[in-house]
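For the sequence shown, our numbering gives the first residue as 1, with consecutive numbering after it. Think of the CB as a built atom: it goes at the ideal place given N, C-alpha and C, for glycine as much as any other residue. What follows is a short report on a single structure.
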Amino acid sequence: MLDKNTTILNQLAQGRSDLVGFSRFLSNEKITPTKLIRSAIARCDQCVEDKHVLVLNDTTEFNFEDHVNFLDREDGHLGPTGNNKDIGFFLHPGLVIDAEQGMGLGFSYIKIWNRQYDKFDKVERNYKQQPLEEKESYRWIECGLASKENLPTARHLTIIADRESDIYQEFVMLPDGRTDLIIRSSKNRCLQGSDQNLYETLSDTDTCGQFRLKVKANRNGKRQGRDTEIEVRYAKVKIRKPGQLKDKSLPGHVEVYAIEAKEKAQYVPTGEKPICWRLLTTYAINKIEDAQQVIRWYAMRWQIELLFGTLKSKGLNMEASEVETGRGLKNLCLIGLQVALKINQLSQGRDNQQERSAELTFSKEEIVVLKVLVTRYEGKTEKQKNRYKEGSIAWAAWVIARMGGWKGYASEAKPGNKTMRIGLNQFENIYTGWGLAKKMCA
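In structure tokens form, the structure reads like this:
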């Protein structure tokens, strides 16, 4: 899969026998999503000892409606997607990031599931009275609880999520001396002991500082590119328990810090809404630097979006895969998730100055081959030398990028995922040949 940079079996297979073999492997009863998830999580725990890590979690769906006539709808592993019409499943990983270096390390939690065709709607299920643990939204809390259990050697965890994760119980159940939260607010919540709600309280708070931000234009044209200025406010607030929560074991309020980062009106183009982030965090915010640090950590959420993009149309093209069973597709998706992480690690590691070991991404034997390849791809001038520490992820990324067509000059555009995918393809071919030659000479 890494060699071909795709999850499409017809492209992975070199012939009919390969195609049949891949399909049987993915549908083998002994190869289960649960086993693949456990393996991925176990590898991550080895990388986080005594580190402060960010756990970025989000949900994406995989839609296979284009292959509906090819699929076995009776195996119980496929169901309606978000539009309640198409067929597919959902994935919710906890992507672990080194808080200091910003490098992706692995996964602390992975949930992959599908809805049932005969499920009741929210009204029929009496959704508001349904136990939290039985709701799909419980995955946000479950990710935090599982991450704390699965990463026992980490020094500190910061759970980061978008608006869907703005759940009152999360602020009760997750924080402790080793765990903090940064959640984007989705509701103008009522505050304990105040006539104002959350957003009005923030708007009435004095600005504590500001920072410059370069905004990229959206491809859909809804956001213009510009250099803008963001004002920052923060306040310590007591969020009142929502009235519909009847659980008497929950406290009447939770105390958190709220941050508002909002674009100045004079920089907002006509017809656009100002950029505005409202974040809730268990970190104490006492000065502008504290608020800016929380904002920087939250901004690293883009990495999980990049991961999904690499797994889908911008990389491995998972939704174009043709496997007959839903279980087989889920297995393929989980394997592809590991490959997408490897591609992203190389793109991130290309400028990594902290000299993190390449063993994060490559085996020891693969690193031996990379050492040989360095001499082949280094030029005669200093500008074309691999300037990174031998054995580091940046050093390895330099080699892979050169194999992918990058010229090696600092003045050239930085190699991205496409270049890394091509380079990995070339490397895997060479590594396979090296392994065969080694066996023949043994």
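My output table needs one value for residue i: the three-state DSSP class, helix, strand or coil.
{"i": "G408", "result": "coil"}
{"i": "P33", "result": "helix"}
{"i": "V372", "result": "helix"}
{"i": "D227", "result": "strand"}
{"i": "R139", "result": "helix"}
{"i": "S313", "result": "coil"}
{"i": "H77", "result": "coil"}
{"i": "E164", "result": "helix"}
{"i": "I285", "result": "coil"}
{"i": "S392", "result": "strand"}
{"i": "Q130", "result": "coil"}
{"i": "V48", "result": "coil"}
{"i": "I275", "result": "coil"}
{"i": "D86", "result": "coil"}
{"i": "E378", "result": "coil"}
{"i": "R301", "result": "coil"}
{"i": "D66", "result": "helix"}
{"i": "E366", "result": "helix"}
Hey, residue i and residue j are a contact pair by Cβ (cut 8 Å); roughly how many whole angstroms apart?
{"i": "S137", "j": "I167", "result": "6 Å"}
{"i": "D195", "j": "K214", "result": "Actually they are not in contact, since the Cβ atoms of D195 and K214 sit about 39 Å apart, beyond 8 Å."}
{"i": "V443", "j": "N386", "result": "Lying outside 1 to 442, the shown extent of the chain, residue 443 is not represented and no answer is given."}
{"i": "T282", "j": "P175", "result": "5 Å"}
{"i": "L95", "j": "L307", "result": "6 Å"}
{"i": "I182", "j": "L105", "result": "So it is not a contact: roughly 18 Å between Cβ atoms."}
For residue i, is the classification buried or exposed, using 16 other Cβ atoms within 10 angstroms of its Cβ as the cut-off for buried?
{"i": "G21", "result": "With a pLDDT of 44 at G21, under the threshold of 50, the modelled position of that residue is not reliable, and the figure given next carries that caveat. Classification of G21: exposed, given that the 10 Å Cβ count is below 16."}
{"i": "G423", "result": "buried"}
{"i": "T381", "result": "exposed"}
{"i": "A99", "result": "buried"}
{"i": "V55", "result": "buried"}
{"i": "Y431", "result": "buried"}
{"i": "S363", "result": "exposed"}
{"i": "M403", "result": "buried"}
{"i": "K216", "result": "exposed"}
{"i": "G379", "result": "exposed"}
{"i": "M452", "result": "Outside the shown range of the chain, which is 1 to 442, sits residue 452, and nothing can be said about it."}
{"i": "S203", "result": "exposed"}
Tell me residue i's beta-bridge partners as DSSP assigns them.
{"i": "Q54", "result": "The amino acid at residue 54 is misidentified as Gln; the sequence shows Leu. I97, T158."}
{"i": "S357", "result": "S392"}
{"i": "D118", "result": "DSSP lists no partner for D118."}
{"i": "D176", "result": "T179"}
*Evaluate the contact criterion for the stretch 340 to 359 versus the stretch 399 to 415: three or more CB pairs, one atom per stretch, below 8 Å.*
yes
_the stretch 313 to 331 in contact with the stretch 78 to 91 per 3-pair CB rule at 8 Å_ = yes
*Below 8 Å, can you find three or more Cβ-Cβ pairs linking the stretch 180 to 199 to the stretch 230 to 247?*
yes
*Spell out a yes or no on whether the stretch 299 to 314 and the stretch 195 to 205 are touching, meaning 3 or more CB-CB pairs, one atom from each, closer than 8 Å.*
no
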